[in-house]
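K.L.:
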Amino acid sequence: MIGSGIFVSPSGLLIRTGSVGMSFLIWVACGFLSLLGALAYAELGTMNTSSGAEYAYFMDAFGPMPAFLFSWVSTLVLKPSQMAIICLSFAKYAVEAFVTECDPPEIAVKVVSVMAIVIILFINCYSVNLATGVQNVFTAAKLVAILIVILGGLYKLIQGNTQHLENVFHGSTFSFGNIATAFYTGLWAYDGWNNLNYVTEEIKNPSTNLPRSIIIAIPLVTMCYVLINISYLAVMSAAEMIESEAVAVTFGNRILGVMAWLIPLSVTVSTFGSANGTLFAAGRLCFAASREGHLMNILSYVHVRRFTPAPGLIFHSIIAIAMVLSGTIDSLIDFFSFTAWIFYGGAMLALIVMRFTKPDHPRPYKVPIIIPVVVLVISLYLIVAPIIDVPQIEYLYAALFIVGGLIFYIPFVHYGVRCKIMGNHFLSL
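The sequence shown begins at 0 in numbering that gives the first Met the number 0 and counts up by one.
Structure, rendered in structure tokens:
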């Protein structure tokens, strides 16, 4: 769950909440919402232990069309935008390490992002073992960066550097839309709270271990995020955090002296590993969706010697590069979060619906009905509030992708139309 978000979200969260105190409330609220959502997902995951997660739940509750739409949007929007956000975060920290006198040039950040995507694409196309090895090694760098920030901040607090933690609610905003977009920024750092549902087939005794893992992990992550933000504020003011293009680099420069290079190195390695894991999963999602007849047939192919889903990996990388070139971290986070919470809310609705349509279905783990209801209501708020109060073009793009999925589904999936002009190897659904 801990990824690039904690290194890019703090500044954006301060901008959207207007104060340190409100930003802390949003961090905790995002953790609590993630916990409630994950517990509801635990019931869904123990009802249907196949590793399809939302795809399987939508199929059970609503039938094939909503399941297809989730597969479509995940493949074309969610996974590529995740990849783009993480690679932009990687590039921002990588460039910031070499450009210390001014903000990193946007063109340099985008070029480095594209280069990172191409390198990660090569790694994943070349070898499954190489891709998983990169993931295992680079995960350690994430823990190093987080440990340095927390310990460094605690050291400064012990020295009495608490002036930036006074009058913490001064300047708070209570805008209907800004609070929702602040949740987008905070929830990006928590995204992944539902990942265990993708591997429920591989979890021993999921009815016990799945909720136990959730109840332990998410509060720990929340505490970790709050401590990191306190550490930042022990070293710099809220205004300085907002002005910083890479807040962890600024933190390292002020507290580590000649060892300041450790922070950008750890963050870049960490985000590179996160991007590698995202593409690894995305390529296989694309492969599975194509195999089910939901995407072009060519995307279900694997490399003849490497046995990697090369077409799916290339397809995802092309979309991610387009997003890198056309968007910013903040705009892509809004685009991703708006779209993701449509389907997270849909999963809550699926749980509620199946309480009535499948009341006798075995539920090894069952949450109080109020939990999915609360998450569904909050999901509706997160979807509707930004459209009303702070409308952005990204929300229109997300809606168009979903409508495009419906247009695609009816002829090519529901009625089985074949596109003979392009050939069966290109499109056979």
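Built from N, CA and C at the ideal position, the CB exists for glycine as well.
With respect to the alpha helix (DSSP H) encompassing Y54, which residues constitute its N-terminal and C-terminal limits?
P.N.:
Unbroken alpha helix (DSSP H) run through Y54: E53 to F61.
K.L.:
Taking only runs of the alpha helix (DSSP H) that begin and end inside the region 258-313, which ones reach a length of at least 4 residues, in chain order?
P.N.:
Qualifying alpha helix (DSSP H) stretches, in chain order: 261-290.
K.L.:
Tell me where the alpha helix (DSSP H) around K78 begins and ends.
P.N.:
Segment K78 to E95, the alpha helix (DSSP H) holding K78.
K.L.:
Among the residues of its own chain, which have a CB less than 7 Å from the CB of Y125, if the five just before and after it don't count?
P.N.:
Excluding positions up to five away in sequence, the list reads R305.
K.L.:
If you measure between the beta carbons of G4 and W260, is that distance less than 8 Å?
P.N.:
For G4 and W260, no; Cβs fall outside 8 Å.
K.L.:
Using only alpha-carbon positions, find the residue among I149, N194 and R283 that is nearest to I254.
P.N.:
Among I149, N194 and R283, the Cα nearest to that of I254 belongs to I149.
K.L.:
Determine, using beta carbons only, whether T277 and I85 come nearer to each other than 8 Å.
P.N.:
For T277 and I85, yes; Cβs fall inside 8 Å.
K.L.:
Could you check whether E95 and P263 sit closer than 8 Å to each other, using their CB atoms as the reference points?
P.N.:
Going by C-beta atoms, P263 is nearer than 8 Å to E95.
K.L.:
Please list, in chain order, all residues of the same chain as Y300 whose beta carbon is under 6 Å from its beta carbon, the five residues on each side excluded.
P.N.:
The answer, listed in chain order, is P310.
K.L.:
Just how far apart, CA to CA, sit S8 and I25?
P.N.:
Answer to the nearest angstrom: the Cα atoms are 11 Å apart.
K.L.:
Leaving out five residues before and five after L129 in sequence, what residues of the same chain have Cβ atoms less than 7 Å from its Cβ?
P.N.:
Excluding sequence neighbours, L129 sits near I122.
K.L.:
Return yes when the Cβ of L209 is within less than 8 Å of the Cβ of A55, no when it is not.
P.N.:
Not in contact: A55 and L209 (Cβ atoms no closer than 8 Å).
K.L.:
Sorted by chain position, which residues of the same chain lie with C-beta nearer than 7 Å to L284's C-beta, five sequence neighbours on each side aside?
P.N.:
S73, T74 and K78.
K.L.:
Suppose you measure from the CA of M64 to the CA of L120; what does that come to, to the nearest Å?
P.N.:
Spanning the two alpha carbons is a distance of roughly 31 Å.
K.L.:
Which same chain residues, not among the five before or five after Y189, have their C-beta less than 6 Å away from its C-beta?
P.N.:
Result list for Y189: C29 and S33, in chain order.
K.L.:
With a threshold of 7 Å on Cβ separation, who are the neighbours of L273 within its own chain once the five nearest residues in sequence on each side are excluded?
P.N.:
Residue identity differs from the one stated: residue 273 is Ser in this sequence, not Leu. Answer for S273: G2, S3 and I85, listed in chain order.
K.L.:
Leaving out the 5 sequence neighbours to the left and right, which residues in its chain are closer than 8 Å to R354 when beta-carbon positions are compared?
P.N.:
Taken in chain order, the residues that qualify are I368.
K.L.:
Taking only the alpha-carbon atoms, compute the straight-line gap between Y394 and F334 and give it to the nearest angstrom.
P.N.:
Taking the straight line joining both Cα atoms gives about 6 Å.
K.L.:
Helix, strand or coil for Q158, going by three-state DSSP, please let me know.
P.N.:
DSSP places Q158 in coil when its eight states are reduced to three.
K.L.:
At what residues does the alpha helix (DSSP H) containing R15 begin and finish?
P.N.:
Segment G4 to T16, the alpha helix (DSSP H) holding R15.
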